[in-house]
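Order-wise, the sequence lines are chains A and B.
All letters in the first sequence, in the order written, are residues 1 to 175 by this note's numbering.
All letters in the second sequence, in the order written, are residues 176 to 350 by this note's numbering.
Glycine included, C-beta positions come from ideal geometry on N, C-alpha and C.
Quantities reported herein were computed from a predicted structural model and do not represent experimental measurements.
Following: one structure in structure tokens, then a few remarks.
Protein chains: 2
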Amino acid sequence: MRRTSIQASVIAAATCIIALVPVAAGGVDDEASAIFGVKLPAGYRDWRVISVAHEAGKLNDLRAILGNDVAMRAFREGTRPFPDGAIIARLAWQYVPSAENDAVFGQAQSFVAGPATNVQLSVKDSGRYADTGGWGFGQFEDGRPNRDEALLKTCFPCHARLPRTDDFVFTHYAP
Amino acid sequence: MRRTSIQASVIAAATCIIALVPVAAGGVDDEASAIFGVKLPAGYRDWRVISVAHEAGKLNDLRAILGNDVAMRAFREGTRPFPDGAIIARLAWQYVPSAENDAVFGQAQSFVAGPATNVQLSVKDSGRYADTGGWGFGQFEDGRPNRDEALLKTCFPCHARLPRTDDFVFTHYAP
């Protein structure tokens, strides 16, 4: 019985350490983004739509910006700053003309979502991410986190150029 | 008691007639689209994303194509034709440049959702809509159905130009 108890304690301690790894900034959990330790939440693809956008230029994508329940409520009620727990997921796909649609319409006018490019997450945790406006960031390609610290370091300086009244968030709710 | 029973029957019959009105093609229910009698389902704004698109030209919009649970399952499993009960909701907003975003990026590249234009619905009911490929159509502005029969008559001839393997649906699922 004593051995079983020790084993249980070891397992519990190991579980605790595993659970803490993604929380540690700069942790080595390869399921989480560099620097911020942000993971892709289960079911994010089923979240509700905040808005949509097209970024031209080098990005050249179509994007859907989705929110978890905390984020959606804040967007709809106009709550700023966003409460802890809010997560915004920006899904992007290559911006491609649709020959099929254009043939139906009789002119070149239709641009649709091609292959997925990446998913970017903004996670609000005012304590954990106090140095970056309360937001932690992550980028994921094919469901895998981007571990490039140099890339992740570009997130907040860009968001920080937005008005403080937007709480460092680009997207506005599309009713 | 007898009077109560008759009253109940009258109320039940009236309820039944009211419930049937939107089903009747060309019904005068002003909550429903012309010709097809399609209504805007409660909660459609919270449905999941099938894909996103940009229509240039005269439409000049950004759009999110959402699906109810039946439609989402069919898109994800590749089920064609779509089963009865599938509803596809196409939300569109004016395609507008974002001066705020462009200032952050240092170049003109960002196009976002402006004011909503309209919502179009495709409702699968292979019996009720047998004459139009099993699909009923509706267009809604500010939550109100468009009652213009001439407009609604343009829906199916356009969808009918798509390959039959798409079951008259423009949108493909964006993973």
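Put residue i into one of helix, strand or coil per three-state DSSP.
i, result
"T117/A", "strand"
"P338/B", "coil"
"A246/B", "helix"
"P133/B", "No statement about residue 133/B is possible, as the shown extent of chain B runs from 176 to 350 and does not include it."
"A24/A", "Caution is warranted here: a pLDDT of 41 is assigned to A24/A, below 50, making its placement in the model unreliable, and no coordinate value can be reported."
"D125/A", "coil"
"D204/B", "coil"
"D61/A", "strand"
"F105/A", "helix"
"Y173/A", "coil"
"L215/B", "coil"
"R251/B", "helix"
"R220/B", "helix"
"A150/A", "helix"
"A261/B", "coil"
"A130/A", "helix"
"A274/B", "helix"
"I35/A", "coil"
"G318/B", "coil"
"F286/B", "strand"
"F312/B", "strand"
"A228/B", "strand"
Just to confirm my understanding: we take residue i, look at its own chain, exclude 5 residues before and 5 after, and list those with CB closer than 6 Å. What are they?
i, result
"S184/B", "Interpretation of S184/B is limited by its pLDDT of 45, a score under 50 that renders its predicted location unreliable; no figure is taken from the coordinates."
"N60/A", "Y95"
"G308/B", "F343"
"G78/A", "none"
"I50/A", "I65, G67, F75, T171 and Y173"
Rounded to whole angstroms, what is the Cα-Cα separation between residue i and residue j?
i, j, result
"G318/B", "A92/A", "28 Å"
"R223/B", "A349/B", "12 Å"
"A25/A", "A130/A", "Residue confidence for A25/A is low, a pLDDT of 46 falling below 50, so the modelled location carries little weight; the figure read from the coordinates is stated next. Near 12 Å, if we compare the C-alpha coordinates of A130/A and A25/A."
"R63/A", "R265/B", "15 Å"
"G260/B", "V298/B", "7 Å"
"P272/B", "C158/A", "18 Å"
"G302/B", "A231/B", "35 Å"
"R336/B", "E100/A", "10 Å"
"R147/A", "S33/A", "6 Å"
"P41/A", "V52/A", "20 Å"
"Q314/B", "P83/A", "36 Å"
"P145/A", "P115/A", "18 Å"
"T154/A", "H172/A", "22 Å"
"K214/B", "L241/B", "16 Å"
"F36/A", "F170/A", "19 Å"
"F137/A", "Q120/A", "7 Å"
"W310/B", "D341/B", "13 Å"
"D30/A", "D46/A", "24 Å"
"R164/A", "K233/B", "36 Å"
"H54/A", "Y44/A", "20 Å"
"V125/A", "D244/B", "Residue identity check: residue 125/A is Asp in the sequence provided, not Val. Distance between the alpha carbons of D125/A and D244/B: 32 Å."
"I87/A", "G281/B", "26 Å"
"R255/B", "V104/A", "20 Å"
"N293/B", "E141/A", "33 Å"
"L152/A", "L327/B", "49 Å"
Can you find a C-beta in chain C that's less than 8 Å from the C-beta of residue i?
i, result
"C333/B", "No chain C is present in this structure, whose protein chains are A and B."
By Cβ distance, which residues of its chain are closer than 8 Å to residue i, with the 5 residues on each side in sequence left out?
i, result
"D277/B", "A283, Q284 and S285"
"E160/B", "Nothing about residue 160/B can be reported from this structure: the residues present for chain B run from 176 to 350 only."
"F156/A", "T132, G133, W135, F137 and F168"
Which residues of the region 337-350 of chain B have a Cβ closer than 7 Å to any Cβ of chain A? Give them in chain order. L337, F345, A349 and P350
How do the region 73-82 of chain A and the region 103-113 of chain A stand: do at least 3 beta-carbon pairs fall below 8 Å, yes or no? no
Which of the residues in the region 107-140 of chain A, read from start to end, lie with their CB under 9 Å from any CB of chain B? Q107, A108, Q109, S110, F111, V112, A113, G114, P115 and A116
Chain A contacts from the region 239-259 of chain B (Cβ-Cβ distance under 9 Å): A239, L241 and M247
Interface residues of the region 28-51 of chain A facing chain B [CB-CB below 9 Å]: R45, D46, W47, R48, V49 and S51
Residues of the region 84-96 of chain A in Cβ contact with chain B at a cutoff of 7 Å, in chain order, please. W93
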